[in-house]
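**Q** Residue numbers (this note's numbering): 463 to 619. What follows is a structure written as structure tokens; I'll ask about it next.
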Amino acid sequence: MINRVVLVGRLTKDPELKYTPSGIAKARFTLAVNRTFKNENGEQQADFINIIVWRKQAENTANFLKKGSLAGVEGRIQTGSYEGQDGKRVYTTDVVADSVQFLEPRSSSGERGQQQQESSTYQQNQPTNQQNYTRVDEDPFTNSSGPIEVSNDDLPF
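In structure tokens:
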């Protein structure tokens, strides 16, 4: 059986970080995910999906995401229920995230200096064996006077 969910949306409010009695981090937030169609009035509609994330991912989510942040979530659907204050059964549906991706730089939220500092710290800890390559040859199609002839034998498919 398969229970996988992949979502991209914006947080409706800042993540709420708590710790279990044994010290495990748990963050909750709601992701607004646009539907692929508009309603009869031409308005964009969205679904508001509750997300739960655990441990270090929960701490990172709470530290780096805030209301309006664009995030990608991969996880599984989990349902549950509890008895409400009025004695009626309340049913819940959450996505338990295995992975939360931060899909835009922190600088877009006005924290440019802090992001640059974190970026430079990150870069200092990375190996520096990468070389920069610059392509210097010219575009072979710049002076093309017409269509390019390609036979079916040249196509990879």
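Think of the CB as a built atom: it goes at the ideal place given N, C-alpha and C, for glycine as much as any other residue. All values reported here derive from a predicted model rather than from experimental measurement.
1. Does the contact criterion of 3 or more C-beta pairs under 8 Å hold for the region 508 to 516 versus the region 554 to 569?
2. When DSSP labels each residue in this structure, what does Thr541 get in the three-state scheme?
3. I'd like to confirm something about Gly530: is its beta-carbon nearer than 7 Å to some heavy atom of the ligand ATP, or not?
4. Out of Arg497, Glu536, Lys500 and Pro477, point me to the one whose CA is closest to Ala489's CA.
5. DSSP on Asn547, reduced to helix/strand/coil?
6. Okay, do the region 524 to 534 and the region 466 to 484 touch, 3+ Cβ pairs below 8 Å being the bar?
7. Let me confirm a value: Arg551 is counted as buried when at least 16 other C-beta atoms fall within 10 Å, else exposed. Which label applies?
8. In whole angstroms, what separates the C-alpha of Phe510 from that of Ile486?
9. Might you give, ordered along the chain, the residues of its own chain that have their beta carbon closer than 7 Å to the beta carbon of Val562, omitting 5 neighbours on each side?
10. DSSP beta-bridge partners for Ile514?
11. Go through its chain and collect everything with a Cβ distance to Thr541's Cβ below 6 Å, but skip five positions before and after it.
12. Apart from the five residues on each side of it in sequence, which residues of its chain come closer than 6 Å, Cβ to Cβ, to Ala494?
13. For Thr492, which of Asn512, Gln547 and Pro483 has the nearest alpha-carbon?
14. Just mark Arg568 as buried or exposed, buried being the case when its beta carbon has 16 or more other beta carbons within 10 Å.
**A** By the coordinates alone:
1. Counting Cβ pairs under 8 Å, three or more are found: they touch.
2. One-based indexing of the sequence shown puts residue 541 at position 79. Here Thr541 sits in strand by DSSP.
3. For the ligand ATP, the structure offers nothing, since it holds no ligand at all.
4. Here residue 489 refers to the residue found at position 27 when the sequence shown is read from its first residue. For the residues Arg497, Glu536, Lys500 and Pro477, the minimum Cα distance to Ala489 belongs to Pro477.
5. Here the question's residue 547 lines up with position 85 in the sequence shown. Position check: residue 547 holds Gln in this sequence, whereas Asn was assumed. Residue state, collapsed to three classes: coil.
6. Verdict: yes, contact present.
7. Residue numbering aside, residue 551 sits at position 89 when the sequence shown is read from its first letter. By the neighbour-count rule (16 or more Cβ atoms within 10 Å), Arg551 is not buried but exposed.
8. Walking along the sequence shown from the start, residue 510 turns up at place 48. Walking along the sequence shown from the start, residue 486 turns up at place 24. Between Phe510 and Ile486, the C-alpha separation is close to 26 Å.
9. Taking the sequence shown and counting its residues from 1, one reaches residue 562 at position 100. Residues of the same chain with a CB within less than 7 Å of the CB of Val562, apart from the 5 flanking positions on each side, are Val515, Gln519, Thr523, Ala533 and Val535 in chain order.
10. Looking up residue 514 in the sequence shown gives position 52. BP columns for Ile514 point to Arg490 and Val558.
11. Within the sequence shown, residue 541 is the residue found at index 79, counting from 1. Cβ contact annotation for Thr541 (same chain, cutoff 6 Å, sequence separation greater than five): Thr555, in chain order.
12. As a position in the sequence shown, residue 494 is number 32, starting the count at 1. By the criterion of a C-beta distance shorter than 6 Å, Ala494 is surrounded in its chain by Gly471, Arg472, Thr474, Ala508 and Phe510, once the five residues flanking it on both sides are discounted.
13. Indexing the sequence shown from 1 puts residue 492 at position 30. With distances taken between Cα atoms, Thr492 lies closest to Asn512.
14. For the purposes of this step, residue 568 is taken as the residue at position 106 of the sequence shown. Counting Cβ neighbours within 10 Å, Arg568 comes out buried, since at least 16 surround it.
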